[in-house]
Ligand code: SF4
Ligand code: SF4
Ligand code: SF4
């Protein structure tokens, strides 16, 4: 029989471990977004490139053409694969143990609790139909993106907005996303994890896959003392205290109900097999970390997943087969949209074959500035990245879209300009 002290200690270890992971992931993804916007010389990928839903959106294009939607990195597919495999073990553990957008909402909910404000629970006649909205969004956004080949969701994406909090883009191309982010945070102050419950298409996808999950929360009615603590601990308002096992696709496998249950053996995480042994909530934290980091670690080691942008020459070579297949005009020249603000004039010279001396003369830069990011040079020279694109297109031929068009497109990002 496990003593009360041991149970309390396990609960503390679980809570510390869970919050440690959640806050570390939030801090890391926030840093990635800030560095991408503000320190172009580091060439970090943007937050768009590390979102698993980007993998869903780009999946069809990848299958059909072998290329990804611009701004989607391999990292999005890696995180998508990791979160889906995770869902087969623990359900929506990506949501409950990893996702930084979920963490931000949970922090807001904790703030409300600390201020002594009661959480709001919508009446079921409104709550249940409203939760179907995220499934509709998953269907519509995925089909539209597959059809059009651009990130349809990006202007409305609260995570993209969060990653551009220090960027001009927040109030221009990401205005809707910023409004949805603000509404989600205000909403989460009253209704726990409001965006997760009603509007997140990634949560909807994981909810569908979680129907196959092996481990789930199981209640032993004989040990249960009907205190209702588990229901109050659940941010997703699952009916734990009246279930034999929590099979609700709204469950995010956070483990908080199990950690809060005061009755020994009443609420445990178990596999589906008869006689399966209980798994401690902290094991879900460790398992989540192991699976996600396993995917990230292996693909980083093989060079498929990157946290920094590759050189222009490499991007040109990667883009060539797809460009040639999709657009004869693209195959006939250089796609200047590949030239980004974090790249250097040396990279432009290398990839285009335009001599370094010619570029120095044309743009009035010193040889020592050939390795400065284009975006940095625009502050003390009379040209910007767009002028470099235009010159390359004129000089060697190729595709070129003026800056205004690039900024208005779904794929624009001020960190790249
Ligand atoms: S539902 Fe969406 S926002 Fe919420 S935790 Fe899951 S993936 Fe993140
Ligand atoms: S049922 Fe338990 S594990 Fe699932 S979301 Fe609610 S508190 Fe978390
Ligand atoms: S917290 Fe535990 S004892 Fe209380 S109702 Fe839930 S399962 Fe039963």
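Numbering (our numbering), first residue to last: 1081 to 1497. By construction, the Cβ of each residue, glycine as well, lies at the ideal position given by its N, Cα and C atoms.
Residue i beta carbon near ligand 1 (any heavy atom closer than 7 Å)
i	result
residue 1357	no
residue 1055	Only positions 1081 to 1497 of the chain appear in the structure, and residue 1055 is not among them; the question remains open.
residue 1181	yes
residue 1273	yes
residue 1282	yes
residue 1175	yes
residue 1276	yes
Supposed contact pair residue j and residue i - C-beta distance, whole angstroms, cut 8 Å
i	j	result
residue 1337	residue 1313	5 Å
residue 1121	residue 1453	5 Å
residue 1190	residue 1278	Not really, about 20 Å apart at Cβ, beyond 8 Å.
residue 1360	residue 1094	7 Å
residue 1131	residue 1214	Residue 1131 to residue 1214, Cβ: 16 Å. No contact.
residue 1101	residue 1365	6 Å
residue 1434	residue 1475	6 Å
Distance cut-off 7 Å: residue i Cβ against heavy atoms of ligand 2
i	result
residue 1297	yes
residue 1131	no
residue 1316	yes
residue 1325	no
residue 1309	no
Spatial neighbours of residue i in its chain, beta-carbon cut-off 8 Å, leaving aside the 5 residues before and after
i	result
residue 1185	1264, 1265, 1268, 1272, 1273, 1274, 1275 and 1276
residue 1374	1162
residue 1347	1297, 1298, 1299, 1300, 1304, 1310, 1320, 1337, 1338 and 1341
residue 1371	1162, 1165, 1166 and 1169
residue 1115	1122 and 1124
Alpha carbon of residue i to alpha carbon of residue j, nearest angstrom
i	j	result
residue 1270	residue 1472	53 Å
residue 1393	residue 1428	8 Å
residue 1259	residue 1238	8 Å
residue 1216	residue 1437	55 Å
residue 1165	residue 1240	24 Å
residue 1232	residue 1305	49 Å
residue 1218	residue 1128	17 Å
residue 1424	residue 1153	21 Å
residue 1382	residue 1422	24 Å
residue 1197	residue 1188	12 Å
residue 1341	residue 1250	43 Å
residue 1464	residue 1480	15 Å
residue 1391	residue 1418	10 Å
residue 1354	residue 1327	16 Å
residue 1488	residue 1369	Its pLDDT being 41, under 50, residue 1488 is placed unreliably in this model, and the coordinates cannot settle the point.
residue 1136	residue 1174	15 Å
residue 1203	residue 1209	11 Å
residue 1085	residue 1091	10 Å
residue 1397	residue 1242	32 Å
residue 1112	residue 1256	22 Å
Any non-hydrogen atom of ligand 3 within 7 Å of residue i CB
i	result
residue 1217	no
residue 1347	yes
residue 1335	no
residue 1306	yes
Cut-off 7 Å between Cβ atoms - residues of its own chain near residue i, not counting five sequence neighbours on either side
i	result
residue 1387	1124 and 1125
residue 1467	none
residue 1439	1425, 1428 and 1429
residue 1345	1300 and 1303
residue 1317	1201
residue 1222	1136 and 1137
Spatial neighbours of residue i in its chain, beta-carbon cut-off 6 Å, leaving aside the 5 residues before and after
i	result
residue 1350	1298, 1356 and 1358
residue 1321	1308, 1310 and 1311
residue 1290	1167, 1171, 1172 and 1329
residue 1449	none
residue 1227	none
residue 1182	1175 and 1276
residue 1155	1129, 1130 and 1385
Quick check on the DSSP output: what are the complete alpha helix (DSSP H) runs of length 4 or more inside the stretch 1248 to 1318, in order along the chain?
1255 to 1270, 1274 to 1278, 1281 to 1289 and 1309 to 1313
Whole beta strand (DSSP E) runs in the stretch 1176 to 1246 with 3 or more residues, listed along the chain?
none
To test your reading of the DSSP string, which unbroken beta strand (DSSP E) runs of 3 or more residues are found completely within the stretch 1420 to 1448?
none
In chain order, each alpha helix (DSSP H) run of at least 4 residues that lies wholly inside the stretch 1351 to 1388:
1361 to 1381
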